[in-house]
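Participant:
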Amino acid sequence: MTGTLPETLPDPLAEIVELFSSSPPRDRLELLLEYSQSLPPLPERYAAHPERLEPVPECQSPLFVATEVDAEGRVQLYFDAPAESPTTRGFAGIFHAGLDGLSAEQVLGVPPDLTTRLSLNEVVSPLRLRGAVALLSRVQRQVREQTS
Amino acid sequence: MAIPNDPDPKLAQYAHPDKLVTTAWLAEHLDDPGLVVVESDEDILLYETGHIPGAVKVDWHTELNDPVTRDYLDAERFAELMRAKGIGRDTTVVFYGDKSNWWAAYALWVFSLFGHPDLRLLDGGRAKWEAEDRPMTTDAPAREPADYPVVERDDARIRAFRDDVLAHLGKPLVDVRSADEYTGRLLHMANYPQEGALRGGHIPGAKSVPWARAANEDGTFRSRAELEALYQDEIGLSGADDVVVYCRIGERSSHTWFALTHLLGYDRVRNYDGSWTEWGNTVRVPIEREIESE
Chain Y
1 MTGTLPETLP DPLAEIVELF SSSPPRDRLE LLLEYSQSLP PLPERYAAHP
51 ERLEPVPECQ SPLFVATEVD AEGRVQLYFD APAESPTTRG FAGIFHAGLD
101 GLSAEQVLGV PPDLTTRLSL NEVVSPLRLR GAVALLSRVQ RQVREQTS
Chain B
1 MAIPNDPDPK LAQYAHPDKL VTTAWLAEHL DDPGLVVVES DEDILLYETG
51 HIPGAVKVDW HTELNDPVTR DYLDAERFAE LMRAKGIGRD TTVVFYGDKS
101 NWWAAYALWV FSLFGHPDLR LLDGGRAKWE AEDRPMTTDA PAREPADYPV
151 VERDDARIRA FRDDVLAHLG KPLVDVRSAD EYTGRLLHMA NYPQEGALRG
201 GHIPGAKSVP WARAANEDGT FRSRAELEAL YQDEIGLSGA DDVVVYCRIG
251 ERSSHTWFAL THLLGYDRVR NYDGSWTEWG NTVRVPIERE IESE
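Quick mapping for you: the protein sequence lines, in order, are chains Y and B.
Residue numbering for the first sequence follows our numbering, starting at 1 and increasing by one per position.
Residue numbering for the second sequence follows our numbering, starting at 1 and increasing by one per position.
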């Protein structure tokens, strides 16, 4: 791929990218499934108020996201996606594991070709990958709105 | 040995009752030798979270497409796939999946290109099976590889290509996408994906019947009378028509193809799998749309 600059990825995300890209295609789906299972449930303040989450209509199945930036500039991410949408949950799980707790600057610096770096093109359809890119851009927009 | 048809009275109303099975029937026949259940989902990880016991997975993205050319797998690859899944030429294949059998119908249509004799769809699909608390498992199915002959794909009967559609203009076309995709509005909505097409709208003369209108809330097909009201009374199709159906890449329209072909018994329905991702990107093909140009 042209234009990839792995050094710009924050460490937790870089580790996930390394894990995916070094695995055979079949195992990448298994990894995505594991990330779908590790996505934490919503805290009560969001579970009781789903309207506080932003929908991501680009995804083919329901997905909702909220981001918070605390006083130290750390980003917290909250995702909601149904169990019957494991692929969508998997992407949310990757973003959670790779970005939660990072600084706003680090989150804003994640390049939009992240899904290419995850080497999922062979195993996940283009429309789904576009959904994941859209999810990232919505997270970044929310962070930008809270820090500008 | 042929597997008998599901005698459920709901299925008897349809033109080809042998093409559908009910969840109750499948539950009774899961262990029948000569029957293989195939799960094909829009969400390609769903099978791994639990599936009907013994069911094998067919991944529409990685297993039914040619890896290089935009086309379906060829005869050799199809035979290999069938052998690996434990499906023989005389096997009864029952498809089910998520989203009201959207992708299951697609897989069934692709199998139909190879003329596999006995293909059936589980009415209501995965959601109905789960809603009825029927067994699900994450255990991998233990299927012996089967023999499968190399049978050439026959595209002419049920598949339309772009040039076929150009020659078909003026004859019945059904656009099964959402209303906003049909009118061309979708490309103009803020923050919405472009669905991989440069132009919005529909093929001239196409009538809009979003695919899901053929399904009930529980994912089962609507009754024959309801389907006739939809396709015959509402958009004026008849069984003698030469019909082309399309959507974005041919998956949603497989569901409509199934309804027209097997439930209403139309014998000349072709699915245009190039669909909007081809038509909406093709130079100088005619397009109609219902919104003002910017």
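Using N, Cα and C, we set each Cβ at its ideal position, and we do this for glycine too.
From a predicted model like this one, the values you see are computed outputs, not experimental measurements.
(1) Below 6 Å CB to CB, which residues in the same chain sit around B/Ala55 once its five sequence neighbours on both sides are set aside?
(2) Which same chain residues end up closer than 6 Å to B/Ser208 when comparing Cβ atoms and leaving out the 5 residues on each side of it in sequence?
(3) Given that Y/Thr87 touches chain B, what residues does it touch there, using C-beta distances under 7 Å?
(4) Identify which residue in B/Ile52, B/Ala24, B/Gln232 has its Cα closest to the Cα of B/Thr138.
(5) Which residue comes first and which comes last in the alpha helix (DSSP H) that contains B/Thr91?
(6) Look at the alpha carbon of B/Tyr148 and the alpha carbon of B/Thr91, and state the distance between them as a whole number of angstroms.
(7) Suppose contacts are defined by Cβ-Cβ distances below 8 Å. Is B/Trp102 in contact with B/Glu251 by that definition?
(8) DSSP three-state call for Y/Val139: helix, strand or coil?
(9) Assess, as a yes-or-no matter, whether the stretch 269 to 279 of chain B is touched by the stretch 195 to 204 of chain B under the definition of 3 or more beta carbon pairs within less than 8 Å.
(10) So B/Val176 is in the beta strand (DSSP E); what residue range does that whole segment cover?
(11) For the stretch 30 to 41 of chain Y, enumerate the residues whose C-beta is nearer than 7 Å to any C-beta of chain B, in chain order.
(12) Using a threshold of 8 Å, state whether the C-beta atoms of Y/Ser68 and Y/Gln76 are closer than that.
(13) If you drop the 5 nearest sequence neighbours on each side, which residues of the same chain put their C-beta closer than 7 Å to that of B/Glu76?
(14) Starting from the Cα of B/Leu26, find the closest Cα among B/Ile3, B/Tyr14, B/Gln13 and give me that residue.
(15) Extract the residue ranges of the alpha helix (DSSP H) inside the stretch 34 to 117 of chain B, only unbroken runs of 4 or more that lie entirely within it.
(16) Between which residues of its own chain and B/Arg153 is the CB-CB distance below 8 Å, once the five residues before and five after are set aside?
(17) Counting along the chain, where does the alpha helix (DSSP H) carrying B/Leu119 start and finish?
(18) Looking only at C-alpha atoms, which of B/Leu45, B/Pro204, B/Phe258 sits nearest to Y/Tyr35?
(19) Tell me, please, whether the CB atom of B/Gly219 is closer than 8 Å to any CB atom in chain Y?
(20) Closest by CA to Y/Ser38, which one among Y/Leu136, Y/His49, Y/Arg89?
(21) Within 8 Å, do at least three Cβ pairs link the stretch 231 to 243 of chain B to the stretch 265 to 275 of chain B?
(22) Below 8 Å on C-beta distance, what does B/Thr256 contact in chain Y?
(23) Put B/Glu290 into one of helix, strand or coil per three-state DSSP.
(24) Anything in chain Y within Cβ reach of B/Asp98, meaning under 8 Å, just list it in chain order.
(25) Contact criterion: CB-CB distance below 8 Å. Does Y/Gly93 meet it with respect to chain B?
(26) With burial defined as no fewer than 16 other Cβ atoms inside 10 Å of the residue's Cβ, what is the status of B/Lys171: buried or exposed?
(27) Verify the CB distance criterion: does B/Ala190 have a CB-CB separation below 8 Å to chain Y?
(28) Kindly identify the DSSP beta-bridge partner or partners of Y/Tyr78.
(29) When the Cα atoms are used, what is the spatial distance from B/His295 to B/Val285?
(30) Going along chain Y, which residues have a C-beta under 9 Å from B/Glu48?
(31) Measuring straight from C-alpha to C-alpha, what distance separates B/Glu228 and Y/Tyr78?
Facilitator: Judging by the given coordinates:
(1) Counted from its first residue, the second sequence places residue 55 of chain B at position 55. For B/Ala55, where only same-chain residues beyond five positions count, the Cβ hits under 6 Å are Val37, Glu39.
(2) Along the second sequence, read from residue 1 onward, the residue named residue 208 of chain B stands at position 208. So the list reads Asp175, Tyr182, once near-sequence residues are dropped.
(3) Taking the first residue of the first sequence as 1, we reach residue 87 of chain Y at position 87. The answer, in chain order, is Asp43, Ile44, Leu45.
(4) Residue 138 of chain B sits at position 138 when you count from the first residue of the second sequence. Among B/Ile52, B/Ala24, B/Gln232, the Cα nearest to that of B/Thr138 belongs to B/Ile52.
(5) Indexing the second sequence from 1 puts residue 91 of chain B at position 91. Segment: none, B/Thr91 is in no alpha helix (DSSP H) and carries neither H nor E.
(6) For the purposes of this step, residue 148 of chain B is taken as residue 148 along the second sequence, with counting starting at 1. For the purposes of this step, residue 91 of chain B is taken as residue 91 along the second sequence, with counting starting at 1. Cα-Cα distance, rounded: 10 Å.
(7) On the second sequence, position 102 is the one that residue 102 of chain B refers to. On the second sequence, position 251 is the one that residue 251 of chain B refers to. Yes. Within cutoff.
(8) Here residue 139 of chain Y corresponds to residue number 139 of the first sequence, with the count starting at 1. In this structure, Y/Val139 counts as helix in the three-state DSSP scheme.
(9) yes
(10) To locate residue 176 of chain B, count along the second sequence from 1; it is residue 176. No beta strand (DSSP E) holds B/Val176; DSSP gives it neither H nor E.
(11) Leu32, Leu33, Ser36
(12) In the first sequence, residue 68 of chain Y corresponds to position 68, counting from 1. In the first sequence, residue 76 of chain Y corresponds to position 76, counting from 1. Reading the sequence as shown, one finds Glu at residue 68 of chain Y and not Ser. Against a cut-off of 8 Å, the Cβ pair of Y/Gln76 and Y/Glu68 comes out as a contact.
(13) As a first step, residue 76 of chain B must be located in the second sequence, where it is residue number 76. So the list reads Val150, once near-sequence residues are dropped.
(14) Taking the first residue of the second sequence as position 1, residue 26 of chain B is located at position 26. Nearest option by C-alpha distance: B/Ile3.
(15) 75 to 85, 102 to 113
(16) Start at 1 with the first residue of the second sequence, and residue 153 of chain B comes out as number 153. Counting only Cβ-Cβ distances below 8 Å, and skipping sequence neighbours, we find Tyr72, Asp74, Ala75, Phe78, Leu113, Phe114.
(17) On the second sequence, position 119 is the one that residue 119 of chain B refers to. Element bounds for B/Leu119: not the alpha helix (DSSP H) but the beta strand (DSSP E), 119 to 122.
(18) Mapped onto the first sequence, residue 35 of chain Y falls at position 35. Taking only the C-alpha atoms, the option nearest Y/Tyr35 is B/Leu45.
(19) As a position in the second sequence, residue 219 of chain B is number 219, starting the count at 1. Not one chain Y Cβ lies under 8 Å of B/Gly219.
(20) Position 38 of the first sequence holds residue 38 of chain Y. Among Y/Leu136, Y/His49, Y/Arg89, the Cα nearest to that of Y/Ser38 is on Y/Arg89.
(21) yes
(22) In the second sequence, counting from the first residue as 1, residue 256 of chain B sits at position 256. None at all; the shortest Cβ gap to chain Y is about 19 Å.
(23) Taking the first residue of the second sequence as 1, we reach residue 290 of chain B at position 290. Correct three-state label for B/Glu290: coil.
(24) The residue given as residue 98 of chain B occupies position 98 in the second sequence. The answer, in chain order, is Glu84.
(25) Mapped onto the first sequence, residue 93 of chain Y falls at position 93. Chain B, which has no Cβ nearer than 8 Å to the Cβ of Y/Gly93, makes this no.
(26) The count along the second sequence starts at 1 and reaches residue 171 of chain B at position 171. B/Lys171 should be labelled exposed.
(27) On the second sequence, residue 190 of chain B is found 190 positions in, with the first residue counted as 1. Low local confidence applies: a pLDDT of 44 at B/Ala190 is under 50, so the model's placement there is unreliable, with the coordinate-based value given in what follows. B/Ala190 does not count as touching chain Y.
(28) Numbered from its first residue, the first sequence carries residue 78 of chain Y at position 78. In the DSSP output, where bridge partners are listed per residue, Y/Tyr78 has Y/Ala66.
(29) Because chain B spans 1 through 294 in this model, residue 295 of chain B falls outside it and cannot be assessed.
(30) Locating residue 48 of chain B in the second sequence gives position 48, counting from the first residue. Going along chain Y in sequence order, the residues near B/Glu48 (Cβ under 9 Å) are Leu29, Glu30, Leu33, Pro86.
(31) In the second sequence, the residue the question calls residue 228 of chain B occupies position 228. In the first sequence, the residue the question calls residue 78 of chain Y occupies position 78. Approximately 46 Å between the Cα atoms of the pair.
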